[in-house]
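Taking it in order: structure first as C-alpha cells, then the write-up.
2 protein chains.
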Amino acid sequence: MPIETVSIVGVGLIGGSFGLALRAAGFTGRILGVSSPRTIEAALARGAIDEGRPLDQAAGQSDLIYLSQPIERILEVIPVVSRLAPSRALVTDAGSTKRRIVEQARGSFTSGALFLGGHPMAGKEQRGTERAEAHLFQDATYVLTPLEGQLPTAPIVDEFVSWIRKIGARPVVLPSAAHDRIVGWTSHLPQLVATALASSVAENVTDENSLQVAGPGLRDMTRLAESPYDVWKDILATNSANITQALDRYIEKLTELRNELPGPRISEEFEAARQLRRKLHPD
Amino acid sequence: MPIETVSIVGVGLIGGSFGLALRAAGFTGRILGVSSPRTIEAALARGAIDEGRPLDQAAGQSDLIYLSQPIERILEVIPVVSRLAPSRALVTDAGSTKRRIVEQARGSFTSGALFLGGHPMAGKEQRGTERAEAHLFQDATYVLTPLEGQLPTAPIVDEFVSWIRKIGARPVVLPSAAHDRIVGWTSHLPQLVATALASSVAENVTDENSLQVAGPGLRDMTRLAESPYDVWKDILATNSANITQALDRYIEKLTELRNELPGPRISEEFEAARQLRRKLHPD
Chain A
10 MPIETVSIVG VGLIGGSFGL ALRAAGFTGR ILGVSSPRTI EAALARGAID
60 EGRPLDQAAG QSDLIYLSQP IERILEVIPV VSRLAPSRAL VTDAGSTKRR
110 IVEQARGSFT SGALFLGGHP MAGKEQRGTE RAEAHLFQDA TYVLTPLEGQ
160 LPTAPIVDEF VSWIRKIGAR PVVLPSAAHD RIVGWTSHLP QLVATALASS
210 VAENVTDENS LQVAGPGLRD MTRLAESPYD VWKDILATNS ANITQALDRY
260 IEKLTELRNE LPGPRISEEF EAARQLRRKL HPD
Chain B
10 MPIETVSIVG VGLIGGSFGL ALRAAGFTGR ILGVSSPRTI EAALARGAID
60 EGRPLDQAAG QSDLIYLSQP IERILEVIPV VSRLAPSRAL VTDAGSTKRR
110 IVEQARGSFT SGALFLGGHP MAGKEQRGTE RAEAHLFQDA TYVLTPLEGQ
160 LPTAPIVDEF VSWIRKIGAR PVVLPSAAHD RIVGWTSHLP QLVATALASS
210 VAENVTDENS LQVAGPGLRD MTRLAESPYD VWKDILATNS ANITQALDRY
260 IEKLTELRNE LPGPRISEEF EAARQLRRKL HPD
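Protein chains in written order, with the numbering used here: chain A, 10 to 292; chain B, 10 to 292.
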C-alpha cells in the first residue's frame, strides 16, 4: 500500500523543505503538519503542508511520520508516536545525531509501526520554515540508520527510500554509532573550530579598523559561526564523547604544527590537507 | 611628474592583476614585466604587461616599481632595486608580511628613490598570471606600511595612492609590525586552522564512503587548505612569532571549549563568535 498521508512533525527548515521537496518530486498525497500555530501558518503559506493537525490526529492517519524537531524533542516524542502510529506506518526522523535517537526508538518500537533513523546532510545557517526550499536535499547525502544492521525489508521502507532518491538525495545506510563518529569529525568539529576561531579573533583583534584588514579567508572560516547555539545545544549534548575525541586529536595536530613552525614538516601537513580536498572534490 | 612607466617585478596572480587593473582603470603609460620567459609570454597574452624586460633595464626607466614576487625574493631584490631605481621613482611591494620587508627597505632606500610597503588583501587559492583579474582588488583593503610612521609627502606617493583607489581598493596606512600582528590573526591563523582541520579529518576519517557524510561545513572550512605550501612557506618564516602567539591563544580557546562540553558556557562562545560576524558584515 503506497504512502498516501505524510505527517511532518516540526515544520522548520528541514521539515518544511521535506514537504516542498515531496511536492516538487510529484507526491500527490496529503501532507499534514504538526507545529506551533505560527509555524503552521507560515508552512501553509509556503505550500510545505496541506493542513495543520495536533500530533494525535495527524499520527493516527499517517503512512509516513517524519520527525524533524530538535533532537531533545524527537527523543521525547518517539514513545508517544510509537503508540499513536498505525501498524502500517513508517516513522523516521531527521535529527543530526543518531545513536541516542535509535536507542530510544529501539525501546519504543517493539511492535506495529516501523522506525528508521535518518539524517539528511543538508541545511544552512538560517532556520525556520520561511527558509525552506524544495531543492535543499538536491545532491545531499541522506544517512539512514536502521534499529538493527540492515534496512527493514518492507514495501513502505522501499517506498520511503525511493522518495529520498526522487527529492535528489543519495541514501547511505550506516549504523547509528558510525554515523555519530563520522559527523563528529565532518560536521561538529568544523562548527566548533569556526566558533573558536571567530571568538578568539574577536578577543584579540578588538580595534574595528583592524578588522578591515581581514581577507576573504577569515570570512569563509567563520561563516559557520553564525549558527545559533540553540541548534547546537542538543547536538553537543548527544555526541559529546565523539566531539571531545575529535577536538583532542585536532588540538594535538595544531600543537604539532605550532611546534614545527616554520619548519619543513609543515609542508607535509599542507599536502595531507590538499589530499583531503581532492577526496571531497574528486575532479 | 606623473607615473608614465611601471615595472611589475614578478608577474604572477597579484602582479598580473595589478597590470590588468591599472589598464582597466585608465592607465595609459607603459607596463614592463620582469619574470621568467614563460610567465612573460603568458602575461603578454593576458594583456597584463606591454613588454618583458630584464630587471636592470626595466627598473632604470620606471617611475613606479611594483615588487610582487614571493617574500624571500622581494627581500633579495630590494637592495638591487634600490641601486637601479631612478631617484624620481617609487618602489612598492605586495608581500603578505611587512615587518621584514620594511626593515630591509629601511636599510637599502637611504637616499634617492622612495619605498612604500604594501599588501593588497586580495587573492585566491590558485596562482599564476593565467588567473590574474582586473577586478581582483575591487573592494579589497590595501594596506600601506611606510618606512616611518606616515606616508612620505611626495607627489608620486599621492599618485600611487590615487591609483590604488582607482583600481577599487581601500588604502589603509599601518605600521608594519601592527600589520603583521593583525594578519597573523585574520589570515595566517585561519590558514593553519583549515590546514590542520583537513589534515586531521584525513587521518581520522579514512574510509572513502564516510567522506560522503561530509556536509557543506567541512568543504567551506577546508577550502583554504588548497593553498600550496610554497606560497605559505615565506609567510610562516617571516611572521612566526605572531602566528605562534595566535595559535597558542586559539589552542587555549579550543581547550576551554573542550573542557566545557557540552555545558552552557559554550553558548557564550557562540554569541562572541556571532558578534565578530556582525562586525565583519555590518548589515
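Even glycine gets a Cβ: it sits at the ideal position worked out from N, Cα and C.
Closer than 8 Å to chain B by CB, residue i
i: A:Lys107; result: no
i: A:Ala211; result: yes
i: A:Val214; result: yes
i: A:Arg232; result: yes
i: A:Ala281; result: yes
i: A:Glu235; result: yes
Closer than 8 Å at the beta carbon, the chain A residues around residue i
i: B:Tyr259; result: Ala205, Leu206, Ser209 and Leu263
Min CB distance residue i to chain A below 8 Å
i: B:Gln221; result: yes
i: B:Leu160; result: no
i: B:Val202; result: yes
i: B:Leu270; result: yes
i: B:Leu266; result: yes
i: B:Val152; result: yes
i: B:Pro199; result: yes
i: B:Trp241; result: yes
Under 8 Å by beta carbon: chain B residues contacting residue i
i: A:Lys288; result: Ala211, Glu217 and Leu220
Sequence-distant residues of its chain with Cβ nearer than 7 Å to residue i (five each side left out)
i: A:Thr231; result: Ala203, Leu206 and Ala207
i: B:Asp243; result: Pro79, Ile80 and Glu81
i: B:Ala163; result: Leu123
i: B:Phe27; result: Ile17, Tyr75 and Ser77
i: A:Pro88; result: Ser117
Interface partners of residue i on chain B, CB under 7 Å
i: A:Gln284; result: Ala211
i: A:Tyr75; result: Within 7 Å Cβ-Cβ: nothing; A:Tyr75 doesn't reach chain B, min ~20 Å.
i: A:Ile191; result: Val214, Ser219 and Val222
i: A:Gly276; result: According to the sequence provided, residue 276 of chain A is Ser. The question's Gly does not apply to it. Result: Tyr238.
Spatial neighbours of residue i in its chain, beta-carbon cut-off 6 Å, leaving aside the 5 residues before and after
i: A:Glu60; result: Leu41
i: A:Arg97; result: none
i: A:Ala52; result: Val20, Gly25, Gly42, Ile58 and Thr138
i: A:Asn251; result: Asp189, Arg190 and Gly193
i: B:Ala143; result: Leu29, Ala30 and Ala33
i: A:Thr247; result: Ile80, Thr106 and Arg109
Contact set between residue i and chain A, taken where Cβ atoms lie within less than 7 Å
i: B:Arg228; result: Leu289
i: B:Trp194; result: Val210, Asn213 and Val214
Close beta carbons around residue i, own chain, < 8 Å, minus the five adjacent residues each side
i: B:Arg136; result: Gly21, Leu22, Pro237 and Val240
i: A:Arg174; result: Pro180
i: B:Ala5; result: Residue 5 of chain B is absent from the model: chain B starts at 10 and stops at 292.
i: B:Ser71; result: Thr14, Val15, Ser16, Leu41, Ala94, Pro95 and Ala98
Contact list for residue i against chain A, beta-carbon separation under 9 Å
i: B:His188; result: Val222
Residue i: CB within 7 Å of a non-hydrogen atom of the ligand COA
i: A:Ser208; result: Ligands displayed in this structure: none; no statement on the ligand COA is therefore possible.
Proximity test, Cβ basis, 8 Å: residue i and chain D
i: A:Glu50; result: The displayed structure is made up of protein chains A and B, and chain D is not among them.
With 8 Å as the C-beta to C-beta threshold (strictly closer), list the residues of the segment 246-257 of chain A near chain B in chain order. Ala246, Ser249, Ile252, Thr253, Ala255, Leu256 and Asp257
Any 3 or more C-beta pairs closer than 8 Å across the segment 185-193 of chain A and the segment 207-227 of chain A: no
By the 8 Å beta-carbon criterion, what residues does the segment 14-32 of chain A contribute toward chain B? none
Give a yes or no on contact between the segment 99-116 of chain A and the segment 260-271 of chain A, applying the rule of three or more CB pairs nearer than 8 Å. no
When Cβ atoms are compared, which residues of the segment 163-181 of chain B fall closer than 8 Å to chain A? Arg179 and Val181
The segment 44-51 of chain A in contact with the segment 137-154 of chain A per 3-pair CB rule at 8 Å: yes
Spell out a yes or no on whether the segment 81-93 of chain B and the segment 283-292 of chain A are touching, meaning 3 or more CB-CB pairs, one atom from each, closer than 8 Å. no
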